[in-house]
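Just below is one structure, and these are the notes that go with it.
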Amino acid sequence: MWDFSIGQSLAIMARTWPFIVLRMVVYFGITLAYIVAMGAGAGVGYGVGHIATDPEGPVSFAVWGGIAGLGVVSVAVYWIREYILYIVKAGHIAVMVHLIDGRDIPGGQNQISYAREVVTERFTEASVLFVLDQLVKGVIRTITGLIGGIAAFLPIPGLDGLVRFLNTIVRMSLTYVDEIILGYNIRIGSNSPWQSARQGVVLYAQNGSTMIKNAVWLSLVVWAVSLFIFLFMLAPAGAILYFMPGEMGGWAFVLAIVFAWAFKSALIEPFAVASLMQVYFKVIEGQVPNPEWDRKLEEASSKFRELKEKAFGSGEASRWDGSAKNV
4 MWDFSIGQSL
14 AIMARTWPFI
24 VLRMVVYFGI
34 TLAYIVAMGA
44 GAGVGYGVGH
54 IATDPEGPVS
64 FAVWGGIAGL
74 GVVSVAVYWI
84 REYILYIVKA
94 GHIAVMVHLI
104 DGRDIPGGQN
114 QISYAREVVT
124 ERFTEASVLF
134 VLDQLVKGVI
144 RTITGLIGGI
154 AAFLPIPGLD
164 GLVRFLNTIV
174 RMSLTYVDEI
184 ILGYNIRIGS
194 NSPWQSARQG
204 VVLYAQNGST
214 MIKNAVWLSL
224 VVWAVSLFIF
234 LFMLAPAGAI
244 LYFMPGEMGG
254 WAFVLAIVFA
264 WAFKSALIEP
274 FAVASLMQVY
284 FKVIEGQVPN
294 PEWDRKLEEA
304 SSKFRELKEK
314 AFGSGEASRW
324 DGSAKNV
């Protein structure tokens with residue numbers, strides 16, 4: 004059914020425990036910020052609401068205060084997302100890549116410092132990695148359309164509605180592909196991030212059917228576990244909101260989603276990335292990027308053209324030579 008080892012993915016997570024702890028601190032810290040901001044906003048709104056002449060004023064103002072608090076933290080998370088990618092995600096991917104290849108990594112907290120050095124060596128600034136990440140995401144969406152999504156696996160006439168629905172699932176399953184390309188970038192020891200990303204997405208495209216099949220299986224697992232966590236978190240979320248001012252019980256649903264997101268980002272996401280990297284590194288072994296796929300992507304994707312322009316503009320590539328070392 005799938006081409007990755009669940010046991011190996013769990014072992015990688017265990018050996019990179021410093022990053023698992025770091026992810027938990029970061030994402031559960033964000034969850035705590037949401038709780039505090041919602042509570043503070045509701046409290047302020049509840050107090051201001053007593054000034055209103057409407058008897059429903061305190062409750063209404065408390066709800067709007069909670070919304071304001073939620074919005075403030077969401078904006079803050081949006082602005083720090085590239086630094087989370089640079090410091091937390093990229094570093095974790097770096098040590099996972101080394102483990103998949105059987106290379107030694109430091110233990111304990113030194114692992115985080117080591118990974119930071121690896122990432123900094125290849126991506127001098129967080130902004131470079133963030134732009135690269137966004138370009139790769141755009142190219143991957145194009146690749147899905149070029150290979151026909153799930154229609155490639157279900158060549159049965161009269162199933163157009165089902166195929167469209169399943170293709171939607173396929174598109175949603177590609178959440179972690181940009182991180183796989185980042186892993187490829189780190190794996191080949193490249194100091195040319197734009198050109199390496201170009202090679203990485205071409206290699207992904209020419210093995211798209213295998214990669215999408217595994218991505219779909221992983222997505223089903225991730226969604227099922229996330230749903231279970233969400234349902235499990237409804238009770239503690241409701242208990243927290245019970246102590247907030249005003250009628251905030253309806254917000255238990257929102258807070259449970261935030262809890263589920265934190266668990267997913269801290270624990271489920273690294274499992275998915277480790278699994279997909281296993282498949283990707285295995286399937287591209289001995290391959291070189293196919294110039295025909297390079298041409299198709301250049302014609303179909305503005306993001307890929309931008310990626311190539313950055314590679315040529317920075318002097319990383321003067322021609323397509325398929326030079327993907329160590330694959």
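In terms of the working numbering, the sequence shown opens at residue 4 and continues consecutively.
Even glycine gets a Cβ: it sits at the ideal position worked out from N, Cα and C.
query: For residue 142, which residues from the same chain have a beta carbon less than 6 Å from its beta carbon, with the 5 sequence-adjacent residues on both sides left out?
result: Take residue 142, set aside five residues on each side of it, and the residues of its chain with a beta-carbon closer than 6 Å to its own are 204, 304, 306 and 307, in chain order.
Item checked: Nearest-angstrom beta carbon gap, residue 206 and residue 287 [assumed within contact, 8 Å] -> 5 Å
According to DSSP, is residue 220 part of a helix, a strand, or is it coil? helix
**Prompt:** Between which two residues does the alpha helix (DSSP H) carrying residue 178 extend?
**Reply:** Residue 178 -> no alpha helix (DSSP H), and no H or E assigned at all.
Distance check for residue 137 and residue 80, CA to CA, integer angstroms please. About 17 Å.
Fill in: First through last residue of the alpha helix (DSSP H) which encompasses residue 283
272-286
Between the CA atoms of residue 295 and residue 36 - distance to the nearest angstrom
49 Å
| message | Shorter than 6 Å, the distance from the beta carbon of residue 291 to the closest heavy atom of the ligand MG, or not? | response | The ligand content of the structure shown is nil, which means the ligand MG is not present either.
**Report entry** Nearest to residue 201 (by Cα), restricted to the options 140, 221, 236 and 99
**Finding:** Closest option to residue 201, judged by alpha-carbon separation, among 140, 221, 236 and 99: 140.
Exercise. If you draw a straight line from the C-alpha of residue 47 to the C-alpha of residue 39, how long is it?
Worked result: It is roughly 12 Å from the alpha-carbon of residue 47 to the alpha-carbon of residue 39.
Notebook entry, point to check: With distances taken from CA atoms, which of 265, 27, 100 and 222 is nearest residue 284?
Noted result: 100
* Asked: Between residue 30 and residue 240, which are expected to be in contact by the criterion C-beta below 8 Å, what is the C-beta distance as a whole number of angstroms?
  -> Wrong, their Cβ atoms sit about 16 Å apart, outside the cutoff.
task = Would you grab the beta carbon distance between residue 12 and residue 274 for me? Rounded to a whole angstrom, and I think it's under 8 Å.
result = 5 Å
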